[in-house]
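Number of protein chains: 2
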Amino acid sequence: MIEDLPLQTFLDRLASGSSTPGGGSAAGVMGAMGAALVGMVCNFTVGREKYAAVDAQMREVLAAAESARARLTEAIAADVAVFDHVMAAYGLPKSSDDEKAARSAAIQEALKQATEVPLACARACVEVIRLSADAARHGNTNVVSDAGVAVMAAYAGLKSAALNVYVNVGSIEDTTFTQPRMSEIDALVAEGEASVARIFDTVRARL
Amino acid sequence: MIEDLPLQTFLDRLASGSSTPGGGSAAGVMGAMGAALVGMVCNFTVGREKYAAVDAQMREVLAAAESARARLTEAIAADVAVFDHVMAAYGLPKSSDDEKAARSAAIQEALKQATEVPLACARACVEVIRLSADAARHGNTNVVSDAGVAVMAAYAGLKSAALNVYVNVGSIEDTTFTQPRMSEIDALVAEGEASVARIFDTVRARL
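Printed below as a string of structure tokens:
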């Protein structure tokens, strides 16, 4: 799996003239790094006398961050898989009208899957942004800058995933599929935009 | 080296209750992913007849992105090294006045190095943001969303590196060291803030 590649190899493949891995996988990595850094702040906070008042809350944040990290790590490879699926559909034969219709249907179906992956990535990134707010407010001050890095990473992951939703939705004809998903991604991006500067400022004030 | 770790292992270590790798290394990864994605857009653009008019320019962007990526990849491990150096200085003996003075001087010196690494990371991230503007404007439209992911990744890397500059500068007494570096990081962040939305919008308009 792609998450087993050495970081340097992942970066080399990202830069190469091959379509995958691309920005969708990078979005998953950014979200997963954000979740990991929320986890790090929690791991420096739970079980410490000085932070006993927020211990129970930070344990919940840690569990939620680890769950989000697992989903975001899955998105790294899933983005490659759905892209390959779309390319395979475009490669189907189109000699007869029947073949053309079957190819068209396969492309539309593959594009829907290729929309769901970045949408799920965006949802998980927004969850990491929410969790980073708790880490920024209540986390161990020795590592609070890591909560600031977490929110920036998750925000970048969110905006990047949104781009991949826009790209795929642009080629999908079924508006009963596209409309609710465009509404959802717009709401997710709006929540991220409204939160990121406030959380970053909370971190800066506690440095 | 840390960049040879599998991506999954890097994420696990980021999340752990160990100080390194932390947000400074994550900033390097984000910047390097941004540079890699600018490179990817260039690699889909150079040598193609449709983009012949921007071929020479995009070859320059590609070379600059690869150079920035090398510097940002170095920052991933360098951030760990300078943190360890600071911790080692704090661990020096402090029984006598002489020891206290030597320890204090070693801490100040280590903090200066720990400021230079994220500052260099921030500089390279701003360079990636500038390069992503060219990729967004002139890159192959099939992969232009990757230029949008690049600018978000580099911007997140910049803001994250800035946090690490603020943290270290806060403990450095020598204002002839801190003042020019705070001026520089403020200017770098201001340039990033002024560019990111415009470049993202350029990408969206070309999707």
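Protein chains in written order, with my numbering: chain A, -15 to 191; chain B, -15 to 191.
Beta carbons are placed, not taken as given, at the ideal position from N, Cα and C, and that holds for glycine.
Please state the DSSP three-state secondary structure of A/Pro(-10).
strand
Stretch-stretch touch, CB-based, cutoff 8 Å, three pairs: the region 117 to 126 of chain B with the region 12 to 28 of chain B
yes
Rounded distance between the beta-carbons of B/Val13 and A/Leu(-9), thought under 8 Å
7 Å
Nearest-angstrom Cα distance between B/Val45 and B/Val112?
9 Å
If B/Val66 sits next to B/Ala98, beta carbons under 8 Å apart, how far is it from one beta carbon to the other, in whole angstroms?
4 Å
For B/Gly214, which residues in the same chain have their Cβ closer than 8 Å to its Cβ, ignoring the five residues on either side in sequence?
Outside the displayed range of chain B (-15 to 191) lies residue 214 of chain B, so it cannot be described from this structure.
Neighbourhood of B/Ala90 by C-beta distance below 7 Å, restricted to the same chain and skipping five residues each side
Ala73, Leu76
Along chain B, which residues have their Cβ under 7 Å away from the Cβ of A/Asp130?
Gly6, Gly7
If contact is defined by three or more beta carbon pairs under 8 Å, each pair taking one atom from either stretch, is the region 139 to 153 of chain B in contact with the region 130 to 142 of chain A?
yes
If we count Cβ pairs, one from each stretch, closer than 8 Å, do we get three or more for the region 56 to 71 of chain B versus the region 102 to 109 of chain B?
yes
Test item: CB-CB of B/Val153 and B/Thr162 under 8 Å
yes
Looking only at its own chain, which residues have a Cβ that is under 6 Å from the Cβ of A/Glu83, when we skip the five neighbours before and after it?
Pro77
Could you give the first and the last residue of the continuous alpha helix (DSSP H) run that contains B/Pro164?
159 to 190
Best match in B/Glu177, B/Ser129, B/Ala119 for proximity to B/Ala40 [C-alpha to C-alpha]:
B/Ala119
Coarse secondary structure for A/Pro102, derived from DSSP in three states
helix
Let's test the definition: count the other Cβ atoms within 10 Å of the Cβ of A/Ala11 and tell me whether it reaches 16, buried, or not, exposed.
buried
Would you tell me roughly how many angstroms separate the C-alpha atoms of B/Ala171 and B/Val149, rounded to the nearest one?
13 Å
Can you round the beta-carbon distance between A/Gly7 and B/Ser129 to whole angstroms, since I take them to be within the 8 Å contact cut?
6 Å
Hey, out of A/Thr186, A/Leu(-11), A/Gly18, A/Ala94, whose CA is closest to A/Pro5's CA?
A/Leu(-11)
Please name the residue in B/Glu177, B/Leu21, B/Val70, B/Leu(-5) whose C-alpha comes closest to that of B/Leu115.
B/Leu21
If we define contact as Cβ-Cβ less than 8 Å, is B/Lys96 a contact residue for chain A?
no
Beta-carbon neighbours of B/Lys34, restricted to chain A and to distances below 7 Å:
None at all; the shortest Cβ gap to chain A is about 15 Å.
Below 8 Å on the Cβ atoms is my guess for A/Glu58 versus A/Val110; work out the distance and round it to an integer in Å.
The Cβ separation is near 17 Å, so there is no contact.
Within the continuous alpha helix (DSSP H) that includes A/Ser51, where are the two ends?
39 to 74
Range of the contiguous alpha helix (DSSP H) that encloses B/Asn148:
128 to 153
In three-state terms, what does DSSP make of B/Ser80?
coil
Under 7 Å (Cβ pairs) to chain B, residues found in the region -4 to 30 of chain A
Leu(-2), Ala(-1), Ser0, Gly1, Gly6, Gly7, Ala10, Ala11, Val13, Met14, Ala16, Met17, Ala20, Leu21, Gly23, Met24, Asn27, Phe28
Out of B/Ala117, B/Ser167, B/Glu157, state which residue places its alpha-carbon closest to the alpha-carbon of B/Ala185.
According to the sequence displayed, residue 185 of chain B carries Asp and not Ala. When only C-alpha atoms are compared, the closest one is B/Ala117.
What would DSSP say about A/Ile156, mapped onto helix, strand or coil?
coil
What's the gap between the Cα of A/Arg188 and the Cα of B/Val151?
9 Å
Quick one: Cα of A/Ser80 to Cα of A/Ser88, how far?
12 Å
In the region 150 to 163 of chain A, which residues sit with their C-beta less than 7 Å from some C-beta in chain B, listed in chain order?
Tyr150, Val151, Gly154
Is B/Ser116 helix, strand or coil by DSSP?
helix
Would a check of beta-carbon distances place A/Asn124 closer than 8 Å to chain B?
no
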